[in-house]
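Protein chains in written order, with my numbering: chain A, 1 to 74; chain U, 75 to 326. Each remark here refers to the structure printed beneath this line.
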Ligand SMILES: NC(=O)c1ccc[n+]([C@@H]2O[C@H](COP(=O)([O-])OP(=O)(O)OC[C@H]3O[C@@H](n4cnc5c(N)ncnc54)[C@H](O)[C@@H]3O)[C@@H](O)[C@H]2O)c1
């Protein structure tokens, strides 16, 4: 999956309505839509889409959307 | 003068007695003189609770309350072995935090099965005329999440809200036999389970949670003392209520 598509799916997963403002360099923890429950939504998304088990801690430590992308495509 | 809070001579079923709030309720009831019938899943931990009870005549029954079909038999066994009941306290419960997007009907059903339907089935059979003494009391442990919106708790909150609604109706139906039914809605109580949950939160989330409680977080004994009140003669004119025990969380 290309990063562009990843960003769109990421936006859908955590329910960001306007994905056009997002880039690979966006610090996702600062997004208005980000909440403590978003971690669970992302874990479910990674599991469904990539069949990857990602730990909460890894998501907390990631900074940008690119970091998340690297987690699941590495 | 004997204390109006005494539970002397009463036989009380306590579910969830192997851990946390239920365990403390069992211990506190025993200290107030009750004979306690402890229900939980883990036999070993139930034995540990038994070892901490004051007085004698107590018993432990390990039973998975999600198996609601067997509850009638369980109650009958307890009454056959220990005599008629004077109280039922339901503290067994599970929590599953997830945003509504991830909660399936299956999740709602599983949580309701343990938190709600098992309590209804216990209340139904325990309060049967042949099993329950006149003047007895039922206490269901609900939660403040039944009345406030804490994100991630839709299924849990629904399971607890149903207890509060049904308790009012049960109270009205059972009043003619002088049986009272009440709920307790605790705020965040430092049980092993909750300490675990708090440990997993980010520092920011944890600080925010703790800051919501003007009197700080609660202890299991804070809930157990409220339960003793609702199980004793001290509350003889109180029924169908939801007693909030939350260190002031919901007044703000
Ligand atoms: N800890 C809190 O902050 C808090 C706040 C509000 C309400 N509550 C409620 O108080 C009750 C006790 O919570 P706790 O914090 O002591 O939790 P806990 O996990 O320490 O104890 C739960 C108890 O329920 C029993 N249980 C769970 N599923 C069962 C099943 N299928 N069959 C039989 N027993 C089962 C367990 O054996 C255990 O004894 C729960 O109903 C919970 O929803 C807790």
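For glycine and all other residues, C-beta sits at the position ideal for the given N, C-alpha and C.
Looking at the secondary structure, which residues open and close the alpha helix (DSSP H) in which residue i lies?
i: residue 147(U); result: 145-156
i: residue 266(U); result: 266-274
i: residue 137(U); result: No alpha helix (DSSP H) contains residue 137(U), which DSSP labels as neither H nor E.
i: residue 46(A); result: 38-50
i: residue 159(U); result: Per DSSP, residue 159(U) belongs to no alpha helix (DSSP H); it is in the beta strand (DSSP E), 159-164.
i: residue 7(A); result: 3-14
i: residue 65(A); result: 65-73
i: residue 297(U); result: 294-305
i: residue 284(U); result: 277-285
Around the Cβ of residue i, are there at least 16 other Cβ atoms within 10 angstroms (buried) or fewer (exposed)?
i: residue 195(U); result: buried
i: residue 320(U); result: buried
i: residue 73(A); result: exposed
i: residue 98(U); result: buried
i: residue 78(U); result: exposed
i: residue 114(U); result: buried
i: residue 111(U); result: buried
i: residue 283(U); result: buried
i: residue 130(U); result: exposed
i: residue 116(U); result: exposed
i: residue 297(U); result: buried
i: residue 292(U); result: buried
i: residue 197(U); result: buried
i: residue 63(A); result: exposed
Under a CB-based cut-off of 9 Å, is residue i close to chain U?
i: residue 19(A); result: no
i: residue 1(A); result: no
i: residue 41(A); result: yes
i: residue 5(A); result: no
i: residue 31(A); result: no
i: residue 37(A); result: yes
i: residue 51(A); result: no
Taking CB distances under 9 Å as the criterion, tell me whether residue i reaches chain A.
i: residue 180(U); result: no
i: residue 274(U); result: yes
i: residue 291(U); result: no
i: residue 176(U); result: yes
i: residue 226(U); result: yes
i: residue 262(U); result: no
i: residue 160(U); result: no
i: residue 279(U); result: yes
i: residue 219(U); result: no
i: residue 183(U); result: no
i: residue 78(U); result: no
Below 8 Å CB to CB, which residues in the same chain sit around residue i once its five sequence neighbours on both sides are set aside?
i: residue 66(A); result: 3, 24, 25
i: residue 86(U); result: 103, 108, 109, 110, 111, 159, 160, 161, 162, 163, 305
i: residue 256(U); result: 211, 212, 213, 214, 241, 245, 304, 309, 312, 313, 314, 315, 316, 317
i: residue 325(U); result: 288
i: residue 150(U); result: 199, 205
Just to confirm the assignment, what range does the beta strand (DSSP E) spanning residue i have?
i: residue 211(U); result: 206-215
Short of 7 Å in beta carbon distance, which residues of its chain neighbour residue i, apart from the five on each side in sequence? Order them along the chain.
i: residue 41(A); result: 13, 14
i: residue 153(U); result: 159, 205
i: residue 46(A); result: 52, 54, 72
i: residue 44(A); result: none
Residues in the same chain with beta-carbon distance under 6 Å from residue i, minus the five sequence neighbours each way, listed in chain order, please.
i: residue 19(A); result: 8, 11
> Could you give the uninterrupted runs of the alpha helix (DSSP H) lying entirely in the region 174-201 of chain U, keeping only those of 4 residues or more?
Replying inline: 179-186, 192-200
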